[in-house]
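*Asks:* Start counting the sequence shown at 213; every next residue gets the next number (the working numbering).
Structure in structure tokens, see below.
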Amino acid sequence: MGEKCCTPKSEGRSFWVFFFSDKRDFLRLFISGIFLLSGLLWRGNPFLLGKLFLLGAYFIAGYPVLYKAVRGLWRRQWFDENFLMSIATLGALYIGALTEAVGVMLFYSIGEYLQDLSVDRARSTVRSLLEAQPRFANVLKDGILRVVPPQEVEVGDLLLVRAGEAIPVDGIVLEGESLVDASPLTGEPKPVMVRPGVKVLAGFLNREGVLKIQATEKYKDTSISRIMELVERASERKARVERFITAFARIYTPSVVLLAVFLAVFPPLAGWGSFSLWFYKALILLVISCPCALVLSIPLSYFIGIGFAAKRGLLFKGSQSLDALAGIKNVVFDKTGTLTEGSFRVREIKEEPPFDREELLEYVTHLESFSNHPIARSIVEAYKPEAKYSVVQVQEIPGMGIRGVVGKRAVHVGNDDLLHKMGIRHRNEVCKLPGVVHVAVDEKYAGYIELGDALKHQAIDTVKELNKMGIQIYLLTGDSAEEAAKIAGELGIKHFYAGLLPEDKFRILREEVMAKGLTAFIGDGINDAPAIAQADVGIAIGTSSSHAAIETADVVIVDGNPWRVYEAIKIAKLVRRVTLENIVLVLGIKAIFMVLGIAGGTSIWEAVFADVGVALLSVLNTLKIWSLRKKLST
213 MGEKCCTPKS
223 EGRSFWVFFF
233 SDKRDFLRLF
243 ISGIFLLSGL
253 LWRGNPFLLG
263 KLFLLGAYFI
273 AGYPVLYKAV
283 RGLWRRQWFD
293 ENFLMSIATL
303 GALYIGALTE
313 AVGVMLFYSI
323 GEYLQDLSVD
333 RARSTVRSLL
343 EAQPRFANVL
353 KDGILRVVPP
363 QEVEVGDLLL
373 VRAGEAIPVD
383 GIVLEGESLV
393 DASPLTGEPK
403 PVMVRPGVKV
413 LAGFLNREGV
423 LKIQATEKYK
433 DTSISRIMEL
443 VERASERKAR
453 VERFITAFAR
463 IYTPSVVLLA
473 VFLAVFPPLA
483 GWGSFSLWFY
493 KALILLVISC
503 PCALVLSIPL
513 SYFIGIGFAA
523 KRGLLFKGSQ
533 SLDALAGIKN
543 VVFDKTGTLT
553 EGSFRVREIK
563 EEPPFDREEL
573 LEYVTHLESF
583 SNHPIARSIV
593 EAYKPEAKYS
603 VVQVQEIPGM
613 GIRGVVGKRA
623 VHVGNDDLLH
633 KMGIRHRNEV
643 CKLPGVVHVA
653 VDEKYAGYIE
663 LGDALKHQAI
673 DTVKELNKMG
683 IQIYLLTGDS
693 AEEAAKIAGE
703 LGIKHFYAGL
713 LPEDKFRILR
723 EEVMAKGLTA
733 FIGDGINDAP
743 AIAQADVGIA
753 IGTSSSHAAI
763 ETADVVIVDG
773 NPWRVYEAIK
783 IAKLVRRVTL
793 ENIVLVLGIK
803 AIFMVLGIAG
813 GTSIWEAVFA
823 DVGVALLSVL
833 NTLKIWSLRK
843 KLST
């Protein structure tokens, strides 16, 4: 039952179901085709039955186009593709080219139908996000289960989520274990096991057991709510290329209409041929010049790019962000929470003879289990001690560490200052190591445990791939120079700045990095918000990012995986390439056919291909953006 609920409605749908999805339009075009064939068969009938069939075919196929043209005239939107197609086919009817008029209108309408199907398929990605939005919440209060809209859930409410239901708000699992489908938000297809204490996000789908969850966010502050807001806002903010195409069509279309009028009138008046010949050429010019291929394919490429990115947990606030990211030259990373996990992890354990590693760990974990310091908790969690020794006389030494008697031995655990205070001899190079906890046993140096912020999964691969793309990478952090150098070395980052305040990050980004080209800044905290806002493309990483970072960012990475930065740039570059290909393809073919049409080397049938055919080719070329699904690793 849970599996069924989690299956997208579009999965398993065959090509033919997709092709016949709009039954009314398909039936209309099918009947128009039957009328056209009947008209061709009855064309010589003396009762004009053939012409009636052809006229019927024309109006059945073309009435939506004619209606839109008339509505456009009423609204003073005169020069769109519907107006051009209506003028061209009505002109063909006027000069007696009935069969050609019907063929042009039917072929154009079929092309529009196929384009609409392609656009609908492209929109399915965003539609799947809409379907992931939770519709209700089961709230447990005073032993009573109430079903309420997610918007009414308050922080602290106890929620019950059954198998097959969507988690309504962000929260913490209190009871139950289950596999959840996180793909609507993160793009990861593999189900995730959740247990008590694990954070879950609104929009995750519960696939198996029953979960009790405590709400930690109101619905308006949840990840899925922010995602939908960003996707909706993205369609309202156009890229530079999109704005160019819109402005281009407003100038281009009336210019072509005036050229067609000139072509129909001036040559016959100059005695260079008959009126009907030049009028026919003018009609060909109108059909060829229709800008619908550009007007359709350019926004479609950005829409598919944004939708595809959203499916992978990359949320663009506008297509102009996608456009800017395609030309990015510099990528600047914050460290903590961006390239690293933001929590202490044991990196290395180094014992000093005669002590061995196990002995060192036993002494440290027994003593540190009495401390609440974050470093102590990290060590104890990494190496959970068994109660082997008694621990007495425990004393915290503020700013230095902790001491006590473990078994029958005096143990000191702390920083370099503690060693100097105790007068314990150790090598100078050891005291300079960053993130080190030193251990002394019976006033003899026993070794050290090095702790640090663990690198995020795929952080090294991300930097490596960005370097291959020729992008300069910078690391800006508030940590010490030693820690920054260590992380930069592990990642292969050549340029790094340490010990920075938020205003320092802002200054370095503006004065030193952005002067070298388009720059993206990736961060997660409120201290990163000024730099995110300043960068050409600001990226907030992780849904736990501060509201300030998310609000000022141009892109949000939902799952916090730095690899998505590489994916975002790859998607942006492909969208730009497809867009430029479509512009060259459309304008090139139309220019060739315009010259041939004026010279008399083409008919209205070839003109139809130049218009509808090139529009379909541009749409098909746009759909190759989906090919990235196989190339991008998860």
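Even glycine gets a Cβ: it sits at the ideal position worked out from N, Cα and C.
The structure displayed is predicted, hence computed values, not measured ones.
Mapping the DSSP letters down to three states, classify A848 as helix, strand or coil.
*Replies:* Look at the range of the chain in this structure, 213 to 846, and you will see that residue 848 is not part of it.
*Asks:* E387 by DSSP, collapsed to three states: which one?
*Replies:* In the sequence shown, residue 387 corresponds to position 175, counting from 1. Three-state DSSP puts E387 in a strand.
*Asks:* Consult DSSP for F528 and reduce its assignment to one of helix, strand or coil.
*Replies:* Here residue 528 refers to the residue found at position 316 of the sequence shown. Three-state DSSP puts F528 in a strand.
*Asks:* How close, in whole Å, do the beta carbons of F805 and A819 come, if the pair is a contact with beta carbons under 8 Å?
*Replies:* Counted from its first residue, the sequence shown places residue 805 at position 593. Counted from its first residue, the sequence shown places residue 819 at position 607. Right, their Cβ atoms sit about 6 Å apart.
*Asks:* Assess, as a yes-or-no matter, whether the stretch 769-787 is touched by the stretch 519-538 under the definition of 3 or more beta carbon pairs within less than 8 Å.
*Replies:* Flag = yes, the stretch 519-538 and the stretch 769-787 touch.
*Asks:* Any idea if W775 is buried or exposed, counting beta-carbon neighbours within 10 angstroms, 16 or more meaning buried?
*Replies:* For the purposes of this step, residue 775 is taken as the residue at position 563 of the sequence shown. W775 comes out buried.
*Asks:* Decide if the stretch 687-707 is in contact with the stretch 578-597; the criterion is three or more beta carbon pairs, one per stretch, under 8 Å apart.
*Replies:* No, the stretch 687-707 does not touch the stretch 578-597.
*Asks:* Run through DSSP, which three-state label would V443 get?
*Replies:* Counting from one through the sequence shown, the residue named residue 443 turns up at place 231. In this prediction, V443 scores a pLDDT of 48, lower than 50, which makes its location untrustworthy; no coordinate-derived value is stated.
*Asks:* Using 8 Å as the cut-off, can you tell me whether the stretch 492-499 makes contact with the stretch 294-304, which would need three or more C-beta pairs spanning the two stretches below that distance?
*Replies:* As far as the Cβ criterion goes, the stretch 492-499 touches the stretch 294-304, which means the pair count is three or higher.
*Asks:* Within 10 Å of its beta-carbon, does Y279 have 16 or more other beta-carbons around it, so buried, or fewer, so exposed?
*Replies:* Here residue 279 is taken as the residue at index 67 of the sequence shown, counted from 1. It is exposed - the Cβ of Y279 has fewer than 16 other Cβ atoms within 10 Å.
*Asks:* Relative to the C-alpha of V767, which residue among G825, L296, G659, I734 is closest?
*Replies:* Your numbering for residue 767 matches position 555 in the sequence shown. Among G825, L296, G659, I734, the Cα nearest to that of V767 belongs to I734.
*Asks:* Assess contact between the stretch 468-480 and the stretch 785-796, defined as three or more Cβ pairs (one per stretch) separated by less than 8 Å. Is contact present?
*Replies:* In short, these stretches do not touch, since the Cβ pair count stays below three.
*Asks:* For I801, name the three-state secondary structure that DSSP assigns.
*Replies:* Translated into the one-based positions of the sequence shown, residue 801 becomes position 589. DSSP places I801 in helix when its eight states are reduced to three.
*Asks:* Are three or more beta carbon pairs between the stretch 542-552 and the stretch 667-686 nearer than 8 Å?
*Replies:* Result yes; three or more Cβ-Cβ pairs closer than 8 Å.
*Asks:* Does the beta carbon of M297 come closer than 8 Å to any beta carbon on chain C?
*Replies:* Absent from the structure is chain C; it holds one protein chain and no more.
*Asks:* Which residue comes first and which comes last in the beta strand (DSSP E) that contains R621?
*Replies:* Along the sequence shown, read from residue 1 onward, the residue named residue 621 stands at position 409. Its beta strand (DSSP E) spans residues 621-626.
*Asks:* Can you tell me whether N294 is helix, strand or coil according to DSSP?
*Replies:* Here residue 294 refers to the residue found at position 82 when the sequence shown is read from its first residue. In the structure shown, N294 sits in a helix (DSSP, three-state: H, G or I).
*Asks:* Suppose contacts are defined by Cβ-Cβ distances below 8 Å. Is V603 in contact with V625 by that definition?
*Replies:* Here residue 603 is taken as the residue at index 391 of the sequence shown, counted from 1. Here residue 625 is taken as the residue at index 413 of the sequence shown, counted from 1. Going by C-beta atoms, V603 is not nearer than 8 Å to V625.
*Asks:* Reducing DSSP to helix, strand and coil, say where V604 ends up.
*Replies:* Here residue 604 corresponds to residue number 392 of the sequence shown, with the count starting at 1. Of the three classes helix, strand and coil, the one that applies to V604 here is strand, per DSSP.
*Asks:* Which class does Q670 belong to by DSSP, given the choice of helix, strand or coil?
*Replies:* What you label residue 670 is simply residue 458 of the sequence shown in a count that begins at 1. DSSP places Q670 in coil when its eight states are reduced to three.
*Asks:* Anyone know if the C-beta pair for A427 and G368 falls short of 8 Å?
*Replies:* Residue mapping note: residue 427 aligns to position 215 of the sequence shown, counting from 1. Residue mapping note: residue 368 aligns to position 156 of the sequence shown, counting from 1. Taking 8 Å as the Cβ cut-off, A427 and G368 qualify as a contacting pair.
*Asks:* Evaluate S839 with the Cβ neighbour count: other Cβ atoms within 10 Å of its Cβ, from every protein chain shown; 16 or more gives buried, anything less gives exposed.
*Replies:* Here residue 839 refers to the residue found at position 627 when the sequence shown is read from its first residue. Answer is exposed; the Cβ neighbour count stays below 16.
*Asks:* Which value, in whole angstroms, describes the spacing of the CA atoms of S321 and M405?
*Replies:* Walking along the sequence shown from the start, residue 321 turns up at place 109. Walking along the sequence shown from the start, residue 405 turns up at place 193. Their Cα atoms are separated by approximately 50 Å.
*Asks:* Assign L786 to one of three DSSP states: helix, strand, or coil.
*Replies:* In the sequence shown, residue 786 corresponds to position 574, counting from 1. It is helical.
*Asks:* For a test of your reading of the model: does the CB of G626 fall under 7 Å from any non-hydrogen atom of the ligand NAP? Yes or no.
*Replies:* Within the structure as shown, the ligand NAP is missing, as the structure has no ligands at all.
*Asks:* Can you look up L267 in the DSSP assignment and give me helix, strand or coil?
*Replies:* Taking the sequence shown and counting its residues from 1, one reaches residue 267 at position 55. Helix.
*Asks:* Beta strand (DSSP E) containing H650: first to last residue?
*Replies:* The residue you call residue 650 lines up with position 438 of the sequence shown. Where H650 is concerned, the enclosing beta strand (DSSP E) stretches over 648-653.
*Asks:* Out of F348, L797, L371, R347, which has the shortest C-alpha to C-alpha gap to D354?
*Replies:* Reading the sequence shown from its first residue, position 142 is the one you call residue 354. The shortest Cα separation from D354 among F348, L797, L371, R347 belongs to L371.
*Asks:* What separation, rounded to the nearest whole angstrom, lies between the Cα atoms of G812 and A482?
*Replies:* Position 600 of the sequence shown, counted from the start, is the residue given in the question as residue 812. Position 270 of the sequence shown, counted from the start, is the residue given in the question as residue 482. If I take the Cα positions, the gap works out to 18 Å.
*Asks:* Have a look at W254 and S298 and give me their C-alpha separation to the nearest angstrom.
*Replies:* As a first step, residue 254 is located in the sequence shown; it is residue number 42 there, counting from the start. As a first step, residue 298 is located in the sequence shown; it is residue number 86 there, counting from the start. Approximately 25 Å between the Cα atoms of the pair.
*Asks:* Taking 8 Å as the cut-off, decide whether the C-beta atoms of V381 and P362 are in contact.
*Replies:* The residue given as residue 381 occupies position 169 in the sequence shown. The residue given as residue 362 occupies position 150 in the sequence shown. Contact: yes.
*Asks:* So R569 is in the alpha helix (DSSP H); what residue range does that whole segment cover?
*Replies:* Here residue 569 corresponds to residue number 357 of the sequence shown, with the count starting at 1. Segment 569-580, the alpha helix (DSSP H) holding R569.
*Asks:* Quick one: what does DSSP say M612 is sitting in, helix, strand or coil?
*Replies:* By one-based count along the sequence shown, residue 612 stands at place 400. DSSP places M612 in coil when its eight states are reduced to three.
*Asks:* Which value, in whole angstroms, describes the spacing of the CA atoms of F515 and N627?
*Replies:* Working through the sequence shown from its first residue, we reach residue 515 at position 303. Working through the sequence shown from its first residue, we reach residue 627 at position 415. Cα-Cα distance, rounded: 55 Å.
*Asks:* Should F487 go down as buried or exposed, given a rule of 16 or more other Cβ atoms within 10 Å for buried?
*Replies:* Sequence index remark: in the sequence shown, residue 487 carries index 275 (1-based). Per the 10 Å Cβ criterion, exposed.
*Asks:* Find the nearest neighbour of L573 within the set T552, H650, H638, judged by alpha-carbon distance.
*Replies:* Here residue 573 refers to the residue found at position 361 when the sequence shown is read from its first residue. Among T552, H650, H638, the Cα nearest to that of L573 is on H650.
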